[in-house]
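One structure is given here, and the rest of the page talks about it.
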Amino acid sequence: MIVVEMALHWVFLCLIFSPPVPASDYALPKFICSPMPLDMDNGCQSASQQQRHGAGANSGGTGHWVGTLEEAKETILHLREMVVHQKEVILDQRETVRELTAKLSRCETHSRRHAANTMEDPPKETPAGVNQMERMLESLKERLEHLQLAASVWTNPLPLHFSVLAAQYHISDPLCPPGYKVEKHSDDFRVGFPLRTNYMYVKVKPTLHREIFAFSICLWVKSSSAPGMGTPFSYSVPGQANEVVLIEWGNNPMELLINDKAATLPLTINDAKWHHICVTWSTRDGIWESYQDGVRRGSGENLAPWHPIKPGGVFVLGQEQDTLGGRFDATQAFIGEISDFNVWGHILTPSEVYKMATCTSFTGGDLINWAEASMELHGGVSKFQQTLLAKWLLDNSC
């Protein structure tokens with residue numbers, strides 16, 4: 001009994017004086033938490049476990065691996081930028097190739113066209129020497145609209161190079177401009193009335209030396225005045241200021257006056273384009289006709305029938321006369337341009353009028369003929385020599 005008690009005391013003393021056993025030796029394995037980058041692979045966990053056992057060398061190896069990954073990412077981004085740049089360069093080069101191919105094709109076509117002209121074919125390209133002419137075409141565009149080849153009526157065909165240019169610039173109206181005459185090339189001029197005044201006018205020096213019982217009066221007119229272009233021409237005699245007058249003033253339609261009697265003409269010409277106008281009249285039953293651009297636009301009768309046109313009067317362009325040769329009214333003055341004013345002592349046929357409008361034939365008036373020596377300008381009326389393309393082509397070879 002005493003021995004047992006002594007053994008228990010010895011065990012108790014051993015427990016008291018023996019060194020304490022760490023609790024970790026009997027606990028579950030412990031884990032050490034350390035911060036890790038989000039993009040780090042899960043395999044890095046093994047490196048952390050090795051660090052738990054004191055493997056310091058492995059910790060340095062992990063840092064080196066992370067740095068290599070960042071460098072690889074930068075390299076990939078750089079390569080992507082290079083690929084995008086190369087694509088842009090390729091697209092630019094393709095566009096350049098297309099442009100060069102198109103230019104080469106045009107050059108080849110140009111060469112073939114010039115080769116085709118060795119037999120004196122009509123030129124398909126505008127020569128370099130005609131550059132000045134092309135600039136002139138811009139300013140003469142509205143007059144060129146009156147040019148066309150009317151193949152069915154041409155009795156004196158135009159030169160071939162004129163035909164080519166007419167087709168090239170899409171000249172569609174069956175008219176020719178004033179001043180271009182197949183059978184006559186002198187006195188090609190026009191007069192201009194820039195303002196509506198009571199002092200600008202052209203006096204026609206020749207007059208009628210006998211009574212006439214029929215007449216035809218034709219002229220080229222260009223006006224943009226509205227309302228009413230005014231009075232292109234008037235003829236007064238002693239005792240009758242309105243012996244023969246063509247007038248359009250205010251909001252009234254165009255009228256032909258014979259012995260102060262009026263007939264309305266269905267003509268419209270105030271569009272800033274050249275128009276060929278003709279009026280015919282006969283004392284027998286007062287029959288009259290009006291033409292615009294070679295086409296009959298109106299006719300009638302009982303216009304001052306059996307009244308002969310008296311001689312010894314004054315023809316005036318641009319003004320309506322209230323007395324013999326004067327007393328003009330600015331509200332009735334003409335504004336625009338006039339050319340080729342001619343008077344015949346007989347009635348022209350529709351065919352003759354059409355040929356004049358299309359320039360296939362021309363004969364000056366037997367009573368009044370358009371000529372510079374016959375026209376007396378007053379009050380600042382402008383006079384222009386014709387510089388139209390038709391005349392230029394006839395005087396100069398292309």
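In terms of full-length UniProt numbering, the sequence shown is residues 1 to 398.
The beta carbon of each residue, even a glycine, is placed where N, CA and C say it ideally should be.
*Residues near PHE384 by beta carbon distance below 7 Å, same chain, minus five either side*: PHE189, ARG190 and GLY192
_Counted within 10 angstroms of its Cβ, other Cβ atoms place MET375 as buried (16 or more) or exposed_ = Burial is judged here by how many other beta carbons sit within 10 angstroms of a residue's own beta carbon; MET375 has at least 16 and is buried.
*Looking only at its own chain, which residues have a Cβ that is under 7 Å from the Cβ of THR197, when we skip the five neighbours before and after it?*
ALA330, ALA333 and GLY379
*Would you kindly work out how many angstroms separate the C-alpha atoms of PRO311 and GLU243, rounded to a whole number?*
10 Å
_So, for PRO206: in the same chain, excluding its five sequence neighbours on each side, which residues have a beta-carbon less than 7 Å away from its beta-carbon?_
Hits under 7 Å: ILE368 and SER374.
*Could you check the C-alpha separation between ARG98 and LEU79 for me, to the nearest Å?*
29 Å
_Beta-carbon contacts of ASP121 that lie in its chain and below 8 Å, excluding the five residues immediately before and after_ = Since pLDDT at ASP121 reaches only 43, below the 50 mark, its modelled position is unreliable, and the value read off the structure follows with that caveat. Closer than 8 Å at Cβ, skipping near neighbours: no residue.
_Relative to the C-alpha of ILE335, which candidate in ALA262, ARG296 and LYS222 has its C-alpha closest?_
LYS222
_First and last residue of the uninterrupted alpha helix (DSSP H) at MET356_ = Unbroken alpha helix (DSSP H) run through MET356: 350-357.
*Taking DSSP as the reference, what is the three-state secondary structure of GLY179?*
Residue placement at GLY179 cannot be trusted, given a pLDDT of 48 that sits under 50; the coordinates are not used to answer.
*So, using beta-carbon positions, are GLU255 and THR268 closer together than 8 Å?*
In this structure, GLU255 keeps its C-beta atom at 8 Å or more from the C-beta atom of THR268.
*Using a Cβ-Cβ cut-off of 7 Å (strictly less than) and excluding sequence neighbours within five positions of GLU88, which residues of its own chain qualify?*
none
*Does DSSP put GLU337 in a helix, in a strand, or in coil?*
strand
*Is the region 277-295 touching the region 204-219, taking contact as three or more C-beta pairs under 8 Å?*
yes
_C-beta atoms of TYR201 and GLN292 nearer than 8 Å_ = no
*Assuming PRO305 and GLY286 make a contact with CB atoms under 8 Å, what is their CB distance in whole Å?*
At roughly 4 Å, the Cβ-Cβ gap stays under 8 Å, so PRO305 and GLY286 are in contact.
*asked:* My assumption, with CB atoms under 8 Å, is that LEU324 sits in contact with PRO238. Please give the rounded CB distance.
replied: Right, their Cβ atoms sit about 6 Å apart.
*Is it the case that the Cβ atoms of PRO227 and LEU246 are separated by a distance below 8 Å?*
no
*ALA263 by DSSP, collapsed to three states: which one?*
strand
*Distance between ASN342 and GLY364 (C-alpha atoms, nearest Å)*: 6 Å
_By the three-class DSSP mapping on this structure, what secondary structure does LYS222 have?_
strand
*Put residue 399 into one of helix, strand or coil per three-state DSSP.*
Residue 399 lies beyond the range of the chain shown here (1 to 398); nothing can be said about it.
*Within its chain, find whatever has a CB closer than 8 Å to the CB of GLN240; leave out the 5 residues flanking it on each side and keep chain order.*
The residues ASN259, ASP260 and LYS310, in chain order, have a CB closer than 8 Å to that of GLN240 in the same chain once the five nearest residues on each side in sequence are set aside.
*Can you grab the Cα-Cα spacing for the pair ARG297 / SER351, in whole Å?*
14 Å
*In the DSSP assignment, what residue or residues form a beta bridge with ALA214?*
SER282
*If we ignore side chains and look at the alpha-carbon of each, how far apart do LEU303 and LEU377 end up?*
31 Å
*Between the beta-carbon of SER225 and the beta-carbon of VAL314, is there less than 8 Å?*
No. Outside cutoff.
*Looking at the structure shown, is VAL316 part of a helix, part of a strand, or coil, going by DSSP?*
strand
*VAL316 and SER234 look like a contact to me (Cβ under 8 Å); what is the Cβ gap, rounded to whole Å?*
5 Å
*Could you check where the beta strand (DSSP E) with GLY365 kicks off and where it finishes?*
No beta strand (DSSP E) holds GLY365; DSSP gives it neither H nor E.
_Using C-beta distances below 7 Å, list every residue in its chain close to GLN93, excluding the 5 sequence neighbours before and after it, in chain order._
none
_Which of helix, strand or coil DSSP assigns to ALA272_ = coil
*Is TRP344 closer than 8 Å to ASP366 when the C-beta atoms are compared?*
yes
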